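Protein chains in written order, with the numbering used here: chain A, 5 to 143; chain B, 25 to 157. C-beta: ideal position from N, C-alpha, C; glycine also. These numbers come from a predicted model, not from an experiment. Notes follow once the structure below has been shown.
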């Protein structure tokens with residue numbers, strides 16, 4: 005069928021610099037067994053923000069329901085994982101992924117907040133007191 | 025060819041902030057998608073994280089299925105980006121579905137940032153079992 009589109013070598017290989025910088029890039033779609041467009045670089049879909057109180061990170065997680073998502077935080081690291089049994093055409097298979105985010109130095113790991121909406125996970129990472137801006141009074 | 029690039033067009037803001045902290049007004053991406061054939065229909069899932077139903081446009085015309093979507097800028101005031109992110113993300117996907125698909129029977133649903141489309145085949149091209157007399 006015309007629906008399945010395979011990698012077009014002329015578009016995947018015309019940027020030789022990036023091919024050599026990340027040789028697995030060209031093969032990732034094949035390894036993943038998916039359409040070519042499903043491949044994304046490791047930091048794609050992650051955005052970092054901050055204000056005076058918190059760091060914020062938004063991670064794109066399309067198709068992941070809240071009930072299947074697990075978040076664990078430990079020293080300097082947030083682990084995002086997802087595991088689900090998917091049944092297609094009568095055969096069951098396990099779908100999973102795991103992704104680690106390094107938290108900025110001075111994050112108060114115990115107070116991380118999380119929200120998942122429309123396929124975007126939003127974490128708020130409170131800054132430790134020593135990282136917050138302090139106004140200094142001139143005497 | 026610009027259509028084949030992950031990011032096919034970008035515009036830069038002209039603020040005076042340092043380049044790394046600028047928020048770009050928008051960029052167009054080809055969304056990730058998966059397709060599979062099941063039960064006399066094509067099932068296509070398109071990843072559109074952060075996109076709301078009202079900012080989604082799905083059309084089928086001349087055997088081309090087109091999905092256009094926008095994730096609007098929604099970062100709360102006071103958030104400072106730590107890198108150069110587009111404020112708005114535009115998605116566009118065009119798929120040649122061929123003459124076998126019945127455009128009037130196409131259904132779509134959006135859940136958890138994934139658009140799920142079912143593209144049934146026309147009655148006349150559906151596989152049939154022929155009974156031997």
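Within 9 Å (strictly less), CB to CB, does residue i reach chain A?
i	result
residue 102/B	yes
residue 97/B	no
residue 116/B	no
residue 132/B	no
residue 34/B	Because residue 34/B sits at a pLDDT of 38, beneath the cut-off of 50, its placement in the model cannot be relied upon, and the point is left open.
residue 152/B	no
To the nearest angstrom, report how far apart residue i and residue j are at their CA atoms.
i	j	result
residue 139/B	residue 60/B	14 Å
residue 3/A	residue 130/A	There is simply no residue 3/A to check, as chain A begins at 5 and stops at 143 in what is shown.
residue 140/A	residue 99/B	30 Å
residue 87/B	residue 86/A	36 Å
residue 132/A	residue 63/B	55 Å
residue 70/A	residue 92/B	26 Å
residue 109/B	residue 58/B	26 Å
Pick from the options: whose alpha carbon is nearest that of residue i?
i	options	result
residue 85/B	130/B, 106/B, 113/B and 136/B	130/B
residue 68/B	148/B, 150/B, 56/B and 146/B	56/B
residue 136/A	56/A, 143/A and 52/A	56/A
residue 72/A	65/A, 88/A and 82/A	88/A
residue 107/B	91/A, 49/A, 138/A and 134/A	49/A
residue 110/A	101/A, 123/A, 81/A and 122/A	81/A
residue 75/B	121/A, 127/A and 128/A	121/A
Could one say the Cβ of residue i lies closer than 9 Å to chain B's Cβ atoms, at least one of them?
i	result
residue 92/A	yes
residue 130/A	no
residue 65/A	yes
residue 109/A	no
Residue range of the beta strand (DSSP E) that residue i falls in?
i	result
residue 133/B	131 to 135
residue 70/B	65 to 71
residue 100/A	95 to 106
**Request:** Name, going along the chain, the residues of the stretch 64 to 90 of chain B whose beta-carbon falls closer than 8 Å to a beta-carbon of chain A.
**Result:** 66, 68, 69, 71, 72, 73, 74, 75 and 76
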